[in-house]
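Asks:
There are 2 protein chains.
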Amino acid sequence: MGGDWGVPVTVPACMAFLKQERDVELVLVGVSDRILDQLKKLGSESHPRISIKHAKEVVEMDDPLEVALRKKRDSSMRVAVSLVKDDMVDACVSAGNTGALMAVSRYLLKTLPGVDRPAICAILPNQQGGPTYALDFGANVDCEAEHLHQFAMMGAALFASVEGKSRPRVGLLNVGTEEIKGNDLVKRAGALLRTEKENGTLNYLGNVEGNNLFDGTCDVIVCDGFVGNVTLKAIEGLGRFFRSALLSSLRSSMFALMGSLLAGSALRSIRERLNPSRFNGASMLGLRGLVFKSHGSADAFAFECALRRAHDAVRNRVMSHISATMRELQQKAGIVVGATEGGAATTGVQEKEQV
Amino acid sequence: MGGDWGVPVTVPACMAFLKQERDVELVLVGVSDRILDQLKKLGSESHPRISIKHAKEVVEMDDPLEVALRKKRDSSMRVAVSLVKDDMVDACVSAGNTGALMAVSRYLLKTLPGVDRPAICAILPNQQGGPTYALDFGANVDCEAEHLHQFAMMGAALFASVEGKSRPRVGLLNVGTEEIKGNDLVKRAGALLRTEKENGTLNYLGNVEGNNLFDGTCDVIVCDGFVGNVTLKAIEGLGRFFRSALLSSLRSSMFALMGSLLAGSALRSIRERLNPSRFNGASMLGLRGLVFKSHGSADAFAFECALRRAHDAVRNRVMSHISATMRELQQKAGIVVGATEGGAATTGVQEKEQV
Chain A
11 MGGDWGVPVT
21 VPACMAFLKQ
31 ERDVELVLVG
41 VSDRILDQLK
51 KLGSESHPRI
61 SIKHAKEVVE
71 MDDPLEVALR
81 KKRDSSMRVA
91 VSLVKDDMVD
101 ACVSAGNTGA
111 LMAVSRYLLK
121 TLPGVDRPAI
131 CAILPNQQGG
141 PTYALDFGAN
151 VDCEAEHLHQ
161 FAMMGAALFA
171 SVEGKSRPRV
181 GLLNVGTEEI
191 KGNDLVKRAG
201 ALLRTEKENG
211 TLNYLGNVEG
221 NNLFDGTCDV
231 IVCDGFVGNV
241 TLKAIEGLGR
251 FFRSALLSSL
261 RSSMFALMGS
271 LLAGSALRSI
281 RERLNPSRFN
291 GASMLGLRGL
301 VFKSHGSADA
311 FAFECALRRA
321 HDAVRNRVMS
331 HISATMRELQ
341 QKAGIVVGAT
351 EGGAATTGVQ
361 EKEQV
Chain B
11 MGGDWGVPVT
21 VPACMAFLKQ
31 ERDVELVLVG
41 VSDRILDQLK
51 KLGSESHPRI
61 SIKHAKEVVE
71 MDDPLEVALR
81 KKRDSSMRVA
91 VSLVKDDMVD
101 ACVSAGNTGA
111 LMAVSRYLLK
121 TLPGVDRPAI
131 CAILPNQQGG
141 PTYALDFGAN
151 VDCEAEHLHQ
161 FAMMGAALFA
171 SVEGKSRPRV
181 GLLNVGTEEI
191 KGNDLVKRAG
201 ALLRTEKENG
211 TLNYLGNVEG
221 NNLFDGTCDV
231 IVCDGFVGNV
241 TLKAIEGLGR
251 FFRSALLSSL
261 RSSMFALMGS
271 LLAGSALRSI
281 RERLNPSRFN
291 GASMLGLRGL
301 VFKSHGSADA
311 FAFECALRRA
321 HDAVRNRVMS
331 HISATMRELQ
341 QKAGIVVGAT
351 EGGAATTGVQ
361 EKEQV
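Keeping their order, the protein sequence lines are chains A and B. When you line the first sequence up against the numbering used here, it's residues 11 to 365, in that order. When you line the second sequence up against the numbering used here, it's residues 11 to 365, in that order.
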């Protein structure tokens, strides 16, 4: 239901995704008649791998957290996350209100042992042709050093499990590379991460700068959610600016137009590479279940990418890898387990993924 | 002397700038024989509008502030800023250590009345074809709400004087547009800025997001120096990534190559528009004198752009406009003047600019 467009975007995206992935079943959660109308428009009201789970309420993009958590108890968002909690599905994807999705997911699923706060992990393309994982990109606008410490451990665990690289290179986003640089928060976080490096727990590169988000020097880059959110949106804005500048220039003269026609495939491949939709679908990391956040303004292609990200996470059994790696990292780092929410749910999550 | 390249970049940039600007005299401050060697290489050792001011020391990019402030008392940076203080020059441009330049400038020049901390104001291009002024982009990594409040007033004053727009639109960089969004710092700053709006002192638009840095919805965007620095470097990194992706794609096939040749002028205009060098030269705002910071990695063209920015500021008598506007804004806002460093130096600066 969620996002800026709702079912007219999410339902067609689901159909396109099912065409690609033959082994996937989708449960569409929301106001059933609105979902059914969309399915009928696409002639897919009786698709064998689609089921509808009715939820009578919708969390709006501007609803306060209290409304999502306490008032709208039968919201599509809450019902969808409940399906993850009850092991009825392997993962949940939403284009809805980010803060509400995180609050509801955290309330229903709880966090993994050793994780005080879940983080939003975005994937950025880099000049080396690989991905750079960046977190927290919006979940926690006020962070303590210990939170950045945990984000680094979670990010490393995620990268290792999804990308199959045992010791990913982790950097701390800062205003300079020297240890003395930065605000109080990153200075304290840097001290914690240097200890992990000495332990051999993390392959920690030290401070990195904004440009390192794209040059491939790091596999994982850690920052607080305020810096991450502002940076991510600035990147998106600059991308739109560049694409519009490119297109307007190429339409500026007949020569340019002819040139752009000849260079068409190259320019398409650029637009492809620069298309943020390809990287849509951030994982809410540190929860006892798989929840993915699609950009609210995602079009059908972008939402399909978010579905694919969730599917990849399930296939690669990310939850069990992360839980295991986090336990291991915690033991190495000597962090006392159990200081955080919940209890044995971790194994529950692992079982669920084995379904 | 400063920056990553030193005199081999800065001296040629000065010569190119003097060719363009017939009414400008330049004082090159640094180790005289090294500067003279460069001038000789360019056959300009006796240029009528160039003089050399010897300084035997150089502040290195990794020197701690104490070294720049207390140890290297005869550094090119310190001597150059002293020339501004003593009204021997109208403005100073440096590609050196940003923190050191700010510390030395603040120590020697002091801040304007009502300004607790100077800020670095960068200029970004936007989709409307105009500039967006953004501050603080690196001077203050730990800010209070009052500092963001002052940055907003300074940024509005600068934009009004340089761009000739009396009530520039000011936005506060945040993770969302709603008043409830953000970390503690921006929530408190937002409250102060809303008061200025009610006063009619500022044309304050409220919270803006990262993408608004490029869409032209604001004339001035305010953030703390940590967020600003990370965002600026992320933008630069993405710009490099895009340019390299564009060039590699256009070289990827013969058709694409032919196309890119036909579209040459359009693609050049893109590279021109996307070239961060054009926007090199950030003003250190809030000081009792004009100091401009060039990017450390600036090439000769970029450093020339920083010189041009300084020249434009002098021509437009930015110092006197800002001092006047700040006083006016302060009176409207009812801020007590004189609580800050220094005294009558402001008028001194005004006189200097009339030289």
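Backbone N, C-alpha and C fix where the C-beta goes; we use that ideal spot for every residue, glycine too.
Below 6 Å CB to CB, which residues in the same chain sit around residue 179 of chain A once its five sequence neighbours on both sides are set aside?
Replies: Within the same chain, residue 179 of chain A has close Cβ partners 213, 215, 228, 229.
Asks: Find the nearest neighbour of residue 326 of chain A within the set A/185, A/248, A/172, judged by alpha-carbon distance.
Replies: The residue with the shortest Cα to Cα distance from residue 326 of chain A is A/172.
Asks: Do you know offhand how far residue 35 of chain B's Cα is from residue 168 of chain B's?
Replies: Roughly 24 Å between the two C-alpha positions.
Asks: Once the 5 residues before and after residue 220 of chain B are set aside, which same chain residues still bring their CB inside 8 Å of it?
Replies: Cβ neighbours of residue 220 of chain B beyond the five flanking positions: 183, 241.
Asks: Can you give the beta carbon distance from residue 223 of chain B to residue 247 of chain A, rounded, assuming they're within the 8 Å contact cut?
Replies: Sure, about 6 Å apart at Cβ, within 8 Å.
Asks: If I'm right that residue 238 of chain A touches residue 148 of chain A with Cβ under 8 Å, what's the distance once you round it to whole angstroms?
Replies: Contact holds; Cβ gap of about 6 Å.
Asks: Apart from the five residues just before and just after residue 106 of chain A, which ones in its own chain have a Cβ nearer than 6 Å to its Cβ?
Replies: So the list reads 12, 69, 87, once near-sequence residues are dropped.
Asks: Any chance the stretch 48-61 of chain B sits against the stretch 15-31 of chain B, with 3 or more Cβ pairs inside 8 Å?
Replies: Contact holds: three or more Cβ-Cβ distances are below 8 Å.
Asks: Taking a cut of 8 Å between CB atoms, which residues from the stretch 242-259 of chain A lie near chain B?
Replies: Listed in sequence order: 242, 243, 244, 245, 246, 247, 248, 249, 250, 251, 252, 254, 255, 256, 259.
Asks: Which of the three DSSP states is assigned to residue 352 of chain B in this structure?
Replies: Note that residue 352 of chain B has pLDDT 41, beneath the 50 cutoff, so the model's placement of it is unreliable and no number is given.
Asks: Flag this pair as touching only if the stretch 90-109 of chain B and the stretch 294-308 of chain B have three or more C-beta atom pairs under 8 Å; answer yes or no.
Replies: Yes, they touch.
Asks: Which value, in whole angstroms, describes the spacing of the CA atoms of residue 126 of chain A and residue 92 of chain A?
Replies: If I take the Cα positions, the gap works out to 21 Å.
Asks: Any beta-carbon of chain B closer than 8 Å to the one on residue 326 of chain A?
Replies: By this cut-off, residue 326 of chain A is not an interface position.
Asks: Is there a Cβ from chain A that is less than 8 Å from the Cβ of residue 73 of chain B?
Replies: For residue 73 of chain B, the answer is no, since every Cβ of chain A falls outside 8 Å of its Cβ.
Asks: Under 7 Å Cβ to Cβ from residue 225 of chain B, same chain only, skipping five residues before and after it: list those, please.
Replies: Here the set comprises 136, 137.
Asks: Taking DSSP's pairing of strands, which residues face residue 121 of chain B in a bridge?
Replies: For residue 121 of chain B, which the question treats as bridged, DSSP gives the partners B/297.
Asks: Determine the burial state of residue 116 of chain B: buried for a count of at least 16 other Cβ atoms within 10 Å of its Cβ, exposed for fewer.
Replies: Label assigned to residue 116 of chain B: buried.
Asks: Quick check on the DSSP output: the alpha helix (DSSP H) that includes residue 171 of chain B runs from which residue to which?
Replies: Counting along the chain, the alpha helix (DSSP H) containing residue 171 of chain B begins and ends at 155-173.
Asks: Below 8 Å on the Cβ atoms is my contact criterion, and I expect residue 114 of chain A with residue 79 of chain A to pass it. Report the Cβ-Cβ distance as a whole number of Å.
Replies: Indeed they touch by this definition, with Cβ atoms about 6 Å apart.
Asks: Could you list which residues in chain B have their beta carbon closer than 7 Å to that of residue 225 of chain A, in chain order?
Replies: Under the 7 Å cutoff, chain B gives 247.
Asks: Provide the residue span of the beta strand (DSSP E) that contains residue 231 of chain B, from first to last.
Replies: Start and end: 230-232.
Asks: Looking at the strands, I want to know which residues DSSP matches up with residue 131 of chain A.
Replies: The partner list for residue 131 of chain A (beta bridge, DSSP) reads A/293.
Asks: Measuring CA to CA, which of B/37, B/152, B/109, B/341 is closest to residue 90 of chain B?
Replies: Residue B/37 is the option with its Cα nearest to residue 90 of chain B.
Asks: Identify the continuous beta strand (DSSP E) that holds residue 181 of chain B and give its terminal residues.
Replies: Where residue 181 of chain B is concerned, the enclosing beta strand (DSSP E) stretches over 179-183.
Asks: With 16 as the cutoff for other CB atoms within 10 Å, does residue 58 of chain B come out buried or exposed?
Replies: With fewer than 16 Cβ atoms within 10 Å of its Cβ, residue 58 of chain B is classed as exposed.
Asks: Give a yes or no on whether 8 Å exceeds the smallest Cβ distance from residue 236 of chain B to chain A.
Replies: At least one chain A Cβ lies under 8 Å of residue 236 of chain B.
Asks: Just the Cα atoms here: how many angstroms apart are residue 28 of chain A and residue 44 of chain A?
Replies: The alpha-carbon atoms of residue 28 of chain A and residue 44 of chain A are separated by roughly 20 Å.
Asks: Measuring straight from C-alpha to C-alpha, what distance separates residue 152 of chain A and residue 134 of chain B?
Replies: Between residue 152 of chain A and residue 134 of chain B, the C-alpha separation is close to 27 Å.
Asks: Let me check one thing: in DSSP terms, what residues is residue 141 of chain A bridge-paired to?
Replies: In the DSSP output, where bridge partners are listed per residue, residue 141 of chain A has A/135.
Asks: Could you tell me whether the Cβ of residue 295 of chain A comes closer than 8 Å to any Cβ of chain B?
Replies: Closer than 8 Å: no.
Asks: Nearest chain A C-beta to residue 22 of chain B closer than 8 Å, yes or no?
Replies: Closer than 8 Å: no.
Asks: With 16 other CB atoms within 10 Å as the buried threshold, where does residue 96 of chain A fall?
Replies: By the 10 Å Cβ count, residue 96 of chain A comes out exposed.
Asks: Consider the Cβ of residue 213 of chain A: report whether some Cβ of chain B lies at a distance smaller than 8 Å.
Replies: So no, residue 213 of chain A is outside the interface.
Asks: Name the residues in the stretch 164-183 of chain B whose C-beta lies less than 9 Å from a C-beta of chain A; which are they?
Replies: For the stretch 164-183 of chain B, which is checked against every Cβ of chain A, the residues closer than 9 Å are 183.
Asks: Confirm, please, whether the CB-CB distance from residue 304 of chain B to residue 104 of chain B is below 8 Å.
Replies: Yes. Within cutoff.
Asks: Taking the alpha carbon of residue 192 of chain A as the reference point, which residue from A/160, A/217, A/53 has its own alpha carbon closest?
Replies: Nearest option by C-alpha distance: A/217.
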